[in-house]
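Numbering (my numbering), first residue to last: 25 to 1073. Glycine included, every Cβ here is placed at the ideal spot set by N, Cα and C. Keep in mind that this is a model prediction, so the values were computed, not measured.
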């Protein structure tokens, strides 16, 4: 007989063991091999035995498929059924939140679980699978209510079936199968033998015969095998997914055009119902617009079947109420409900963010506290920082008054919440510990209604303790529920930091004051041992003595300051200290004179220290000297100014015996440089010319900047034949273009020359003549140089007389003002008056046409203008009417209006906009930007600006647009031509209408006829002025006119 043949039969056949012994003998005779028969042991899966032929149940058959066995036949009519059992009604079981299903840990049962869910309409995500080792364990656990349902073979449950209220058969029927190894060369022989076995054997089992498997049955077993491999993994993933979906930490959403799924956590997180959520688009839950745009692009790619992961990112989400919620989001592409969708995973990081904010706050607070030196500074810096970092709705800080036993408001944010001003608490109402109120609504806080009206939902109360007493109380209020138990430790840390800082302030305060005094004092502080060896010098001392620290600390104070050592004996007697004058020679042979206060102090342990306080008297002397020098130096160029130049020249003239030249150079249309290139370029040109002229003149004479764009030279010991040579040098120097930032700037000039002693023997004589000559030179155009001659002698004499009269008028108070009133055009009521200056010498009245130009070029101009403002503001105050004052071009440029008007601040405040300054277009046109700044200063004192002579010479509508003008004066030349020339009429009409559009008032000058007045009335000009209404009146007559008008009004 051939080799042995193993036959193994399923353990469920132990009741039919005799049949299988006979079957083995029959098979043995057919295959001509010794057949060894045995039952399969009840061993755990997977099966370990090997055999040439198995007769196995469906579950064992699936295991054998893994071992490369194939099914070839079955017993016809033999069926295996499986039941689902339970002790409760199925519908009741379905209502449970979780359904516990008990199964054997075998793929078949996992597969049957799939059919259970499908056939009995159960929710997969509600299924909780519990695996056990035997059917008996399933029965026991269900009966003990440790499980809801169980899947078991029908044969195994029959003895217990009456104990189960619910028992349903699965619609799928299985069989036992004959299986052989795939690689066996006996497959055909075995199949032939099986189908040849006597049917009478089979009938003893009450079945017909053995039959081959159909192709459909083979395919079913094969597919079920694959399904049994897949289903456990699916259940595992479903369990993981179910845990994930129902986690209290993850929000899950699935979207296509709108959201088609959202777990309960995500809905609750954003305060939507599921129905509301499904109406939202993906981007609707994002807070920022930029994030919405970004996520829409992501969604577009996902719905276009592109698979990619977007890692976790921090994003701000928007709740149903529009509130911002910080979250981490993760998105991926998935296939859901038959289409490509996006899945979003949301993790709420609100608590994390809250903790981060508090940690960040503590770090910042500690950094701030390190630098604070007072309670006020601590509160002033810390409270805004807390308010900002924690994004609070409000913050309130109260200060404890222990005498009254209350806590009163110290500061609060926002500062416009007046409700906080009324908050007061009694001291006993607070303990020293931090208190958190997570929900204001449920609290007994006394000002709860105030906070609820502000939208506050949570708060923290932090008492700040100093010297064991509550010094202040900090109340933090948030719109969000940020004050939670998790941050109490951090709040207590904040409390400790603030309390510690306040306690340290008192200890550091005195030291701080002393240290700051030592640092900032302008006195020397030297500390020495009792032998005079220097141990410390304050920063000012190092600076003043010009010594390095290491060198100075090796020095003895007696040697350094030339002091006698006998001082020590004197100090032993005089406990209050002594004063001495010390001297010190700085490097470079500069000598200092020092006023010293010397004291001897005794420390613990009989340690004695010498304290020296020193004041530098040299600095005071230098300051006085410098102050004196600044009166004579031009700050821009460093040259002598007019006063310095006149003083220096006068000093030289007092002993000069040689022929000399006095030259004045004026730059032609220099205002064009400022206007075209800017003030910076203009200043550059002046400084460069100053340098060149200084180099040119050298030791040969004196150079000064005696006006805005005017330089003066005094050349000493110049012979007649050298005059032309010097003129050519000056002309060549000025004609050479200046280079500024790759731009060449050419200058034009006028110059006038007088000689000493031929044309004058004093500075005043020379100055007057050279200025008159310069005026004549300017009339001839640019680049003209004139030397004084007899042709202008008469004019010089006249100038001298006028200047003498101006000096006399200032000295003897001969300047008087006449006032020409102007009237409201419609009612002819007095609206104000224009102040016009005169000189009254004896009984003769000198009109401004005879002296005003001389006054503008006179060094006494500023003195006159001060008198001008003082006198007219006095009359303005007495008469209580607006008064306008004419300001010359030179006055506009040189006067310090801020200083002048500060002296009259009370009057200007009492009569706002009563003072009017009349300024010509020509003056403003010289430099628009400078004019803007000057006018801004003037306007800050409640003064109006009138634009005089508008339409004559420099007219530009830009002035009306760019400059803060209040009144437009229509020049007398327009008024004279008003009736004669239709063009003039139309110009005036246009000017008046334009002024109204620009909200400006208009004054027409020179109204001398009734016809002119009528036209201005028709044109609705605001005010009129002229001889037809009133000539300029002396001060007394003007006063009488006002009194008379007042009586009849």
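For residue i, which beta-bridge partners are listed by DSSP?
i           : result
residue 423 : 432 and 496
residue 547 : 639
residue 483 : 461 and 501
residue 908 : 858 and 940
residue 845 : 857
residue 734 : 690 and 731
residue 786 : According to DSSP, which records beta bridges pairwise, residue 786 is partnered with nothing at all.
residue 561 : 550
residue 94  : 204
residue 510 : Residue 510 pairs with nothing; no bridge assigned.
Can you tell which of the options has its C-alpha closest to the C-alpha of residue i?
i           : options                : result
residue 48  : 551, 1056 and 226      : 226
residue 345 : 375, 854, 317 and 311  : 311
residue 284 : 359, 427 and 997       : 359
residue 236 : 246, 219 and 147       : 219
residue 622 : 630, 595, 607 and 642  : 595
residue 255 : 153, 912, 1019 and 658 : 153
residue 232 : 1025, 406 and 98       : 98
residue 637 : 797, 628, 586 and 561  : 561
residue 919 : 95, 886 and 349        : 886
residue 257 : 183, 132 and 827       : 132
residue 116 : 679, 141 and 172       : 172
Alpha carbon to alpha carbon, how far is residue i from residue j?
i            : j           : result
residue 726  : residue 793 : 18 Å
residue 494  : residue 522 : 12 Å
residue 862  : residue 903 : 20 Å
residue 32   : residue 242 : 21 Å
residue 640  : residue 663 : 30 Å
residue 44   : residue 61  : 8 Å
residue 955  : residue 739 : 36 Å
residue 205  : residue 252 : 20 Å
residue 264  : residue 149 : 10 Å
residue 504  : residue 447 : 22 Å
residue 492  : residue 476 : 33 Å
residue 167  : residue 111 : 7 Å
residue 557  : residue 546 : 23 Å
residue 1058 : residue 844 : 9 Å
residue 281  : residue 305 : 7 Å
residue 942  : residue 893 : 13 Å
residue 83   : residue 130 : 8 Å
residue 197  : residue 75  : 26 Å
residue 657  : residue 665 : 5 Å
Under a three-way DSSP split, which group does residue i fall into?
i           : result
residue 37  : helix
residue 794 : helix
residue 415 : coil
residue 830 : helix
residue 231 : coil
residue 764 : strand
residue 44  : helix
residue 277 : strand
residue 143 : helix
residue 947 : helix
residue 586 : coil
residue 467 : coil
residue 189 : coil
residue 361 : coil
At the 8 Å Cβ level, is residue i part of the contact set with chain B, yes or no?
i           : result
residue 900 : No chain B is present in this structure, which holds just one protein chain.
For the ligand ZN, is there a heavy atom less than 7 Å away from the beta-carbon of residue i?
i           : result
residue 769 : No copy of the ligand ZN appears in this structure; indeed no ligand is present at all.
Secondary structure, alpha helix (DSSP H): runs of 4+ residues fully inside the segment 680-729
694-701 and 703-721
Pick out the complete beta strand (DSSP E) segments inside the segment 101-125, 3 residues or longer, and give them in chain order.
Along the segment 101-125, the beta strand (DSSP E) occurs as fully enclosed runs of 3 or more residues at 106-110, listed in sequence order.
What runs of the alpha helix (DSSP H), each 4 residues or longer, lie entirely inside the segment 294-344?
298-301 and 313-327, all fully within the segment 294-344.
Runs of beta strand (DSSP E) wholly within the segment 991-1069 (minimum 3 residues, chain order)
991-994 and 1025-1028
In chain order, which alpha helix (DSSP H) runs of at least 4 residues are fully inside the segment 867-896?
Every alpha helix (DSSP H) of 4 residues or more that sits fully in the segment 867-896 is shown, in chain order, as 872-880.
Please list the segments of the beta strand (DSSP E) lying wholly inside the segment 234-266, counting only runs of 3 or more residues, in order along the chain.
Look at the segment 234-266 and you find these whole runs of beta strand (DSSP E), each 3 residues long or longer: 234-236.
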